[in-house]
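Undergrad:
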Amino acid sequence: MERERHDPSTDTEAVPGAHLAQLATGAEMSVQHFSIEPGAEVPSHSHHHEQAGYITAGALTFILADGEEVVCEAGDSYVLAGEEVHGAENRGDERVEGVDIFSPPRPNPDWQE
């Protein structure tokens, strides 16, 4: 068994106002912590990884390829299929925090793959 502790000082700013931290990584999945400041936007992108996440604080608006918007609040979980185009915005006044699981593992901070 391996154990990882989140050290916020090692977070990577992937885009302005959005920070990622690699947590545990296994052979077939990885876990990342994220925080997104009020007003920050994660640009539309896709990746081959399946992505499942859980919001622990705030509310995050996902923008999908067809223009659909889905708001996920603290306590909500979500799944994005591999290659599904998505972006996200923090439109609230509170920092959004959460955890994402990627399969296959997603290296940190290989954000622009």
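Counting from 1, position 89 in the sequence shown corresponds to residue 89 in full-length UniProt numbering; the numbering is continuous, with no gaps. Cβ coordinates follow ideal geometry from the N, Cα and C atoms, glycine included.
(1) Below 8 Å on the Cβ atoms is my guess for Ser77 versus Ile63; work out the distance and round it to an integer in Å.
(2) Report yes if the CB atom of His19 is closer than 8 Å to the CB atom of Thr12, and no otherwise.
(3) How far does the beta strand (DSSP E) with Ser44 in it reach, from first residue to last?
(4) Using 8 Å as the threshold, is the C-beta distance between Asn90 and Ile55 below it?
(5) Do you know how far the Cα of Arg3 is from the Cα of Asp66?
(6) Kindly indicate the opening and closing residues of the beta strand (DSSP E) around Asp100.
(7) Let me know if Gly82 comes out buried or exposed under the rule of 16 or more other beta-carbons within 10 Å of its beta-carbon.
(8) Measure how close the beta-carbons of Ala57 and Glu97 come, nearest whole angstrom, since I'm counting them as under 8 Å.
TA: Looking at the coordinates:
(1) Position 77 of the sequence shown, counting from 1, holds the residue named residue 77. Position 63 of the sequence shown, counting from 1, holds the residue named residue 63. Ser77 to Ile63, Cβ: 18 Å. No contact.
(2) Here residue 19 is taken as the residue at index 19 of the sequence shown, counted from 1. Here residue 12 is taken as the residue at index 12 of the sequence shown, counted from 1. Contact: yes.
(3) Within the sequence shown, residue 44 is the residue found at index 44, counting from 1. Under the DSSP assignment, Ser44 falls in the beta strand (DSSP E) whose first and last residues are Glu41 to His45.
(4) Locating residue 90 in the sequence shown gives position 90, where the first residue counts as 1. Locating residue 55 in the sequence shown gives position 55, where the first residue counts as 1. The criterion of a C-beta distance shorter than 8 Å is not satisfied by Asn90 and Ile55.
(5) Residue mapping note: residue 66 aligns to position 66 of the sequence shown, counting from 1. Residue mapping note: residue 3 aligns to position 3 of the sequence shown, counting from 1. For Asp66 and Arg3, the distance between alpha carbons rounds to 39 Å.
(6) Here residue 100 corresponds to residue number 100 of the sequence shown, with the count starting at 1. Under the DSSP assignment, Asp100 falls in the beta strand (DSSP E) whose first and last residues are Val96 to Ser103.
(7) Taking the first residue of the sequence shown as 1, we reach residue 82 at position 82. Only exposed fits Gly82, as fewer than 16 other CB atoms lie within 10 angstroms of its CB.
(8) Mapped onto the sequence shown, residue 57 falls at position 57. Mapped onto the sequence shown, residue 97 falls at position 97. The pair is a contact, with the Cβ atoms about 4 Å apart (cut-off 8 Å).
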